[in-house]
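Presented below is the structure to which this report refers.
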Amino acid sequence: MMRYNPVAQYVPRKQLVVADTLSQHPQPTISSVFSELVQEVEAYENAVSGAWPISPTKLESVKSETEMDFELQKVRQYVTDGWPRYGANVPQALKSYYSARHHLSIFQDLVLYDDRIIIPQNMRSDILQRLHSGHQGIVKCRKRARCSVWWPGLSQEIQQLVNSCKDCLESRPTQRKEPLLTTPLPDRPWERIGADICEVNKQHYLVVVDYFSRYTDIAHLQNLSGETTRACLKNMFARWGCPNILFTDNGPQFSGSAFKDFARDYDFQHITSSPYYAQSNGEAERAVQTAKRILKQSDPFTSLMSYRATPLQATGVSPAQLMMGRQIRTTVPTLESHLPPEWHDLRRVRKAHQKAKRTYRKYYNKRNGIRTLPEIPPGTSVAVKLDAERGWIRSGTILRKCESPRSYLIQSETGVLR
80 MMRYNPVAQY VPRKQLVVAD TLSQHPQPTI SSVFSELVQE VEAYENAVSG
130 AWPISPTKLE SVKSETEMDF ELQKVRQYVT DGWPRYGANV PQALKSYYSA
180 RHHLSIFQDL VLYDDRIIIP QNMRSDILQR LHSGHQGIVK CRKRARCSVW
230 WPGLSQEIQQ LVNSCKDCLE SRPTQRKEPL LTTPLPDRPW ERIGADICEV
280 NKQHYLVVVD YFSRYTDIAH LQNLSGETTR ACLKNMFARW GCPNILFTDN
330 GPQFSGSAFK DFARDYDFQH ITSSPYYAQS NGEAERAVQT AKRILKQSDP
380 FTSLMSYRAT PLQATGVSPA QLMMGRQIRT TVPTLESHLP PEWHDLRRVR
430 KAHQKAKRTY RKYYNKRNGI RTLPEIPPGT SVAVKLDAER GWIRSGTILR
480 KCESPRSYLI QSETGVLR
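See below:
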């Protein structure tokens with residue numbers, strides 16, 4: 080009957096349209112059926128209270144605090160006397176109870192939500208800690224709470240407690256990978272390029288790849304100074320022009336005011352990858368792997384020429400054709416008719432590129448069991464784990480989101496991390 084609010088109203092006998100036989104023949108004693116019903120209800124109540132995992136002492140404490148809790152006393156009054164018809168007539172502090180009013184009842188001086196005890200305000204912090212005493216996860220703590228206790232917002236408070244627990248953070252496994260972000264195909268050659276430095280046979284090389292054509296350029300570095308690196312880039316820019324965007328890692332050759340001045344003078348945007356996540360500059364990383372394989376050959380120049388003339392699996396067109404609009408002549412015999420300049424249908428190339436990216440993204444996501452993670456707003460406290468560390472032993476605060484996707488600046492105890 081708690082779902083209803085019946086109202087008893089006296090009606091004189093002469094106004095009764097339907098004969099009221101039962102009121103004219105009252106039963107002298109309570110029927111055995113009614114008596115059995117009362118006993119069954121009492122047995123059910125005792126079974127419910129006996130199933131609560133709570134000691135008699137703690138139960139008495141809850142009852143005592145309930146008596147002193149203003150909100151619960153008001154809720155108790157509403158449960159006993161009836162709730163207002165409209166939620167707008169309920170005090171703001173009790174609106175969360177109004178939406179759950181059909182589940183509320185009174186039992187032995189306690190306010191219940193179904194068969195769960197509603198905990199008074201003063202005891203909620205202690206109960207939260209008890210729910211999380213075994214340092215279990217959010218789901219298990221919520222399941223534990225569903226066995227005995229409830230209050231408005233309990234589920235969210237459990238989530239906040241578990242997420243902020245230092246002991247849980249330090250032992251938490253690494254985050255699952257997010258869905259793969261594929262690099263879109265630029266509109267033209269040399270619009271976006273990536274650069275990285277590799278080492279082969281104790282020699283260092285600058286590897287630059289064009290994101291449109293996958294055309295790869297390799298330059299030997301006499302040393303690892305920023306000046307030498309910038310000189311090699313200038314040489315390539317003189318050959319191919321200035322790019323719109325240059326992607327690199329955070330190596331010392333690409334950092335500092337000198338490289339910022341270089342980017343400003345040559346009018347390109349410089350974007351760096353996350354220092355501890357090289358995959359975010361995936362195109363350059365793959366180009367480095369290709370360059371290392373080429374440089375280990377007996378004649379790396381012939382190997383590089385062959386790579387540039389070989390059609391790519393994704394597009395069916397060679398890097399040289401996409402970069403220069405013509406096939407280059409190699410040591411492999413070919414007809415002269417294959418060498419004149421000829422631009423391929425870029426719409427077909429773009430369509431083939433997108434298809435290849437979709438296929439790769441599909442298998443990557445399936446293989447890694449990906450999970451989409453929410454964006455973290457500035458000011459959020461987070462735990463940080465670097466690749467060489469086994470646990471989440473660092474903590475910090477989000478400063479801001481970086482230009483690169485899924486990348487943040489974090490203020491930690493040791494400085495600013497990215």
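Just add 79 to the spot in the sequence shown (first one is 1) and you have the working numbering.
C-beta atoms are modelled at their ideal positions from N, C-alpha and C, and glycine is treated no differently.
Can the beta-carbon of residue i be found closer than 8 Å to that of residue j?
i	j	result
Ala370	Thr295	yes
Leu452	Ser292	no
Arg440	Thr262	no
Ser483	Ser352	yes
Leu183	Val141	no
Cys220	Ile237	yes
Glu257	Pro322	no
Leu264	His417	no
Gln300	Ala462	For clarity, residue 300 is Leu in the given sequence; the question names Gln instead. Not closer than 8 Å, so no.
Gln332	Leu303	yes
Leu210	Arg223	yes
Phe341	Arg309	yes
Ala381	Thr410	Going by the sequence as given, residue 381 is Thr instead of Ala. In contact: Thr381 and Thr410 (Cβ atoms closer than 8 Å).
Work out the CA separation of residue j and residue i for me, nearest whole Å.
i	j	result
Asn242	Gln208	13 Å
Thr476	Leu496	10 Å
Asp205	Pro231	16 Å
Pro390	Gln406	10 Å
Phe338	Asp378	33 Å
Leu151	Phe186	13 Å
Asp275	Asp424	31 Å
Lys464	Thr493	13 Å
Trp229	Asn168	24 Å
Phe316	Ser250	49 Å
Ala191	Pro456	What sits at residue 191 in the sequence shown is Leu, not Ala. Looking at the two C-alpha atoms, the distance is approximately 37 Å.
Val86	Glu139	34 Å
Arg426	Val287	25 Å
Tyr176	Arg92	41 Å
Tyr584	Glu454	No information on residue 584 is available, as it lies outside the stretch 80 to 497 that the chain covers here.
Buried or exposed, going by whether 16 or more other CB atoms sit within 10 Å of the CB of residue i?
i	result
Glu306	exposed
Glu278	exposed
Met202	buried
Thr159	exposed
Ser397	buried
Phe326	buried
Asp246	exposed
Ala172	exposed
Tyr165	exposed
Asn360	buried
Just to check my reading of the structure: residue i and residue j have Cβ atoms closer than 8 Å, yes? What is that Cβ distance to the nearest angstrom?
i	j	result
Gly273	Tyr290	7 Å
Gln88	Asp148	Between Asp148 and Gln88 the Cβ distance is about 35 Å, and since that is not below 8 Å, they are no contact.
Thr145	Asp188	7 Å
Leu383	Ile297	6 Å
Gly395	Glu421	About 14 Å; that fails the 8 Å criterion.
Tyr443	Leu233	Actually they do not touch by this definition, with Cβ atoms about 38 Å apart.
Ile449	Arg255	7 Å
Pro354	Asn329	5 Å
Task: Start-end ranges of the beta strand (DSSP E) lying completely within the region 427-456, minimum 3 residues - done: The DSSP assignment places no complete beta strand (DSSP E) segment of no fewer than 3 residues inside the region 427-456.
Task: Whole runs of the beta strand (DSSP E) within the region 272-309, excluding any shorter than 3 residues - done: For the region 272-309, whole beta strand (DSSP E) runs of length 3 or above, ordered along the chain, are 282-289, 295-300.
Open item on the list: Going residue by residue through the region 231-270, where are the continuous alpha helix (DSSP H) segments of at least 4 residues, counting only ones entirely within it?
Closed with: If you keep only unbroken alpha helix (DSSP H) runs of at least 4 residues inside the region 231-270, you get 233-243, 245-250.
- [ ] Pick out the complete alpha helix (DSSP H) segments inside the region 161-226, 4 residues or longer, and give them in chain order.
- [x] Within the region 161-226, the runs of alpha helix (DSSP H) at least 4 residues long that lie entirely inside it are, in chain order, 174-177, 203-210, 217-225.
Open item on the list: At 4 residues or longer, what runs of the alpha helix (DSSP H) sit wholly inside the region 306-391?
Closed with: Within the region 306-391, the complete alpha helix (DSSP H) runs of at least 4 residues are 336-344, 361-374, 379-388.
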